[in-house]
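Numbering (the working numbering), first residue to last: 5 to 237. Ideal Cβ placement from N, Cα and C applies to all residues, glycine included. In this text the structure is predicted, and so the values were computed from the model without any measurement. To keep things clear, I will list the structure first and then write my remarks on it.
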């Protein structure tokens with residue numbers, strides 16, 4: 005009988021030569037509080053909070069419209085991404101079939117979306133691209149924000165954050181938020197297949213790769229959880 009476990013982990017788990025670093029819960033809280041209290045960058049707070057707590061790709065965040073949020077069911081329909089190519093906006097399908105997903109939203113994330121929509125500028129004519137309108141995040145010109153807008157914002161925020169906290173040396177990008185969310189979910193003990201769905205990964209190996217980066221303290225926590233659950237005889 006063939007041994008079902010007779011395979012190399014490397015054949016399933018993607019081997020990244022450059023590991024994308026997630027930040028700790030404490031670092032995330034400090035970073036978000038810095039943004040929230042900043043007179044220059046507080047306008048980005050809700051969006052960045054959503055990135056840290058949904059694991060969305062930045063292009064997926066840019067593609068969100070008000071119609072994608074179901075406030076009654078507390079879900080978010082991720083079905084497209086917005087890009088700007090050669091100066092022209094383009095709404096495209098998500099990266100893969102797995103990227104098309106409906107995400108459950110926490111109360112906090114839902115409140116962030118409500119806040120964004122309430123503060124969203126009223127425009128005479130909603131920008132429309134490929135038949136879609138009502139984009140949640142607009143720039144000063146009342147056009148949808150795209151990836152480069154967020155990347156520049158993150159860069160400015162990171163510089164200001166490092167000036168405030170010189171010892172942090174954190175270079176936080178939109179993908180840092182996504183990787184941190186994925187890492188936190190893995191540490192919480194979520195089923196890998198469920199996490200694959202939430203992240204929109206087409207390859208389970210990409211998801212499993214996050215689990216291989218968990219450290220000693222994560223292993224210690226898991227062992228303690230298992231042993232503490234045992235009845236003392």
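- Message: Distance check for residue 38 and residue 44, CA to CA, integer angstroms please.
- Response: Position 40 of the chain shown, counting from 1, holds the residue named residue 44. Position 34 of the chain shown, counting from 1, holds the residue named residue 38. Between residue 44 and residue 38, the C-alpha separation is close to 11 Å.
- Message: Here's the rule I'm using: 16 or more other beta-carbon atoms within 10 Å means buried, otherwise exposed. How should residue 11 be labelled?
- Response: Against the chain shown, residue 11 aligns to sequence position 7. For residue 11, the predicted structure reports a pLDDT of 38, less than 50, and the residue's modelled location is therefore unreliable. A value from the coordinates is still provided. Result: exposed.
- Task: Keeping to the same chain, check which residues put their C-beta closer than 8 Å to that of residue 20; ignore five residues upstream and five downstream.
- Result: Residue mapping note: residue 20 aligns to position 16 of the chain shown, counting from 1. Unreliable positioning characterises residue 20 in this predicted model, as indicated by a pLDDT of 42, which lies under 50. A coordinate reading is not provided.
- Message: Considering only DSSP beta bridges, list what residue 89 is partnered with.
- Response: If you number the chain shown from 1, residue 89 lands on position 85. In DSSP, residue 89 forms a bridge with 92.
- Message: Buried or exposed, going by whether 16 or more other CB atoms sit within 10 Å of the CB of residue 150?
- Response: Taking the chain shown and counting its residues from 1, the one referred to as residue 150 is at position 146. Buried, because 16 or more other Cβ atoms sit within 10 Å of the Cβ of residue 150.
- Apply the 10 Å Cβ neighbour rule to residue 28 and answer buried if 16 or more other Cβ atoms are within range, or exposed otherwise. If you number the chain shown from 1, residue 28 lands on position 24. So residue 28 counts as exposed.
- Message: Just to confirm my understanding: we take residue 224, look at its own chain, exclude 5 residues before and 5 after, and list those with CB closer than 8 Å. What are they?
- Response: Locating residue 224 in the chain shown gives position 220, counting from the first residue. Counting only Cβ-Cβ distances below 8 Å, and skipping sequence neighbours, we find nothing.
- With a cut-off of 8 Å on the beta carbons, I'd call residue 63 and residue 87 a contact; round off their distance for me. The sequence position of residue 63 within the chain shown is 59, counting from 1. The sequence position of residue 87 within the chain shown is 83, counting from 1. About 6 Å; that satisfies the 8 Å criterion.
- If we ignore side chains and look at the alpha-carbon of each, how far apart do residue 187 and residue 200 end up? For the purposes of this step, residue 187 is identified with residue 183 of the chain shown, where counting begins at 1. For the purposes of this step, residue 200 is identified with residue 196 of the chain shown, where counting begins at 1. For residue 187 and residue 200, the distance between alpha carbons rounds to 12 Å.
- Query: Under 8 Å between the Cβ atoms of residue 69 and residue 139?
  - Reply: Indexing the chain shown from 1 puts residue 69 at position 65. Indexing the chain shown from 1 puts residue 139 at position 135. It is a contact, given that the beta carbons lie within the stated cut-off.
- In three-state terms, what does DSSP make of residue 27? As a first step, residue 27 must be located in the chain shown, where it is residue number 23. Looking at residue 27 - three-state DSSP - the assignment turns out to be coil, as it is neither helix nor strand.
- Task: Work out the CA separation of residue 78 and residue 110 for me, nearest whole Å.
- Result: Within the chain shown, numbered from 1, the residue matching residue 110 stands at position 106. Within the chain shown, numbered from 1, the residue matching residue 78 stands at position 74. Near 7 Å, if we compare the C-alpha coordinates of residue 78 and residue 110.
- Task: Classify residue 212 as helix, strand or coil using the three-state DSSP reduction.
- Result: As a first step, residue 212 must be located in the chain shown, where it is residue number 208. Note: residue 212 maps to helix in three-state DSSP.
- Query: Can you list, in chain order, the residues of its chain whose CB lies under 8 Å from that of residue 31, leaving out five sequence neighbours each side?
  - Reply: The residue given as residue 31 occupies position 27 in the chain shown. Contacts found: 172, 174.
- Item | Beta-carbon contacts of residue 107 that lie in its chain and below 7 Å, excluding the five residues immediately before and after | Taking the chain shown and counting its residues from 1, one reaches residue 107 at position 103. Same-chain partners within the cutoff: 58, 79, 80, 82, 202.
- Alpha carbon to alpha carbon, how far is residue 124 from residue 158? Here residue 124 refers to the residue found at position 120 of the chain shown. Here residue 158 refers to the residue found at position 154 of the chain shown. Between residue 124 and residue 158, the C-alpha separation is close to 20 Å.
- Do you know whose CA, among 74, 34, 137, 46, lies nearest residue 85's CA? Reading the chain shown from its first residue, position 81 is the one you call residue 85. Cα-wise, what sits closest to residue 85 is 137.
- Item | residue 136, DSSP secondary structure in three states | Indexing the chain shown from 1 puts residue 136 at position 132. Residue 136 falls in the strand class under three-state DSSP.
- Task: Going by DSSP, name the residue or residues bridged to residue 80.
- Result: The residue given as residue 80 occupies position 76 in the chain shown. BP columns for residue 80 point to 73, 107.
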